[in-house]
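Have a look at this one:
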């Protein structure tokens, strides 16, 4: 009986979002290379573009290239798979990514050069000082432009305006807040997240990637089309020599849940996706995108260092979600706790008993704050709309 129960549980886990999974088909399509053997299947495919790709438009130094790439996306907006999750992540991080540009700008602000007195009468020095003055004037204008883009993107940010048009487009492949599929997609995404299914990072505390994947599956099934995923992180597979390879489980799941005529291809290059669907790509586009991909590791490492520094600073100040009282940290240490409790642990009976017994005011204050936030979060996005 136990074996039968285990088998039933395994079957239930495999049937996420699909009670009638078809038999496995075409086992040779587990890798990108094999999928590309059916490249003709991709000419009319759907394209899913991850948030990190949209944010990279602010890192492309050639603005003409950014606009041209966005214009091509707009021309095919009826074939773009989009979710409110993608829109939220973009708008959540836009200012941060754009702020990196400002940081680069301020590095040359008010620079100075100490010169020997004997050179002060030279014509070259006069020219230098005049150039320096003009440069500072240009920088001031750029800072004003930066402020306007930061505070009023709908009027001054070309990237934001074009993406807003994509996010607002009413297509059958847009999982916006008005889409009746929201509730079902969210429920299935929560289940796969709880079971640890990809796409997700070990440190993830959000079901966002699961929502996107479930919607990709749904769009492929209803449209009968293949899918190209464009992303620049490791959520959907393994990156080897700057080339992504679709996660084995995701490849199998796509085969099992979508019909045999559909294929899936993973790439980190928007220009590659364009080439596959017969969109003309210039050499300039390819080169600019490659610069971004080559520099992504550096940005990611910097991001990790920034987060670590931020956490260390926060801990020294006694801040964060766990309250401003450092006594709470001491309480965890006195209880022999090696790791800080996560949100699930905070609501568990055992943690509640220990914490109330040791530090009632601090714990209850913290718990009330989290409960208040949790009550609000139940109203949106997972109750009815995402």
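Numbering (my numbering), first residue to last: 10 to 395.
Note that the Cβ used here is the ideal one computed from N, Cα and C, for glycine as well.
If residue i sits next to residue j, beta carbons under 8 Å apart, how far is it from one beta carbon to the other, in whole angstroms?
i	j	result
residue 90	residue 301	So it is not a contact: roughly 22 Å between Cβ atoms.
residue 279	residue 78	6 Å
residue 235	residue 273	7 Å
residue 229	residue 271	5 Å
residue 241	residue 219	That belief does not hold up - the Cβ atoms of residue 241 and residue 219 are roughly 19 Å apart, past 8 Å.
residue 216	residue 266	Not a contact, Cβ separation roughly 18 Å.
residue 223	residue 260	The pair is not a contact, with the Cβ atoms about 16 Å apart (cut-off 8 Å).
residue 107	residue 151	Not confirmed; about 13 Å, so no contact.
residue 71	residue 297	5 Å
residue 60	residue 184	Incorrect: roughly 14 Å between the Cβ atoms, too far for contact.
residue 239	residue 56	7 Å
Is it right to say residue i is buried, meaning 16 or more other beta carbons lie within 10 angstroms of its own, or is it exposed?
i	result
residue 175	buried
residue 140	exposed
residue 147	exposed
residue 193	exposed
residue 103	buried
residue 291	exposed
residue 407	Lying before the first or after the last residue shown, residue 407 is absent from the chain, which here runs from 10 to 395.
residue 246	buried
residue 177	exposed
residue 186	exposed
residue 257	exposed
residue 156	exposed
residue 172	buried
residue 191	buried
residue 166	buried
On the DSSP letters alone, give me the boundaries of the beta strand (DSSP E) that residue i sits inside.
i	result
residue 92	89-92
residue 276	273-276
residue 56	55-58
residue 255	252-255
In the structure shown, what three-state DSSP assignment does residue i receive?
i	result
residue 178	coil
residue 183	strand
residue 216	coil
residue 111	helix
residue 236	strand
residue 285	helix
residue 169	helix
residue 292	helix
residue 210	coil
residue 226	helix
residue 69	coil
residue 378	With a pLDDT of 45 at residue 378, under the threshold of 50, the modelled position of this residue cannot be trusted, and the question is left open.
residue 304	helix
residue 188	coil
residue 231	helix
residue 52	coil
In terms of residue numbering, what span does the alpha helix (DSSP H) encompassing residue i cover?
i	result
residue 147	132-160
residue 82	72-84
residue 270	Run containing residue 270: none; DSSP gives neither H nor E here.
residue 199	191-203
In this structure, what does DSSP give as the bridge partners for residue i?
i	result
residue 105	According to DSSP, which records beta bridges pairwise, residue 105 is partnered with nothing at all.
residue 245	Residue 245 is not bridged to any residue.
When the cut-off is 7 Å and only beta carbons count, does residue i lie next to chain C?
i	result
residue 210	Among the chains in the structure shown there is no chain C, since it carries only a single protein chain.
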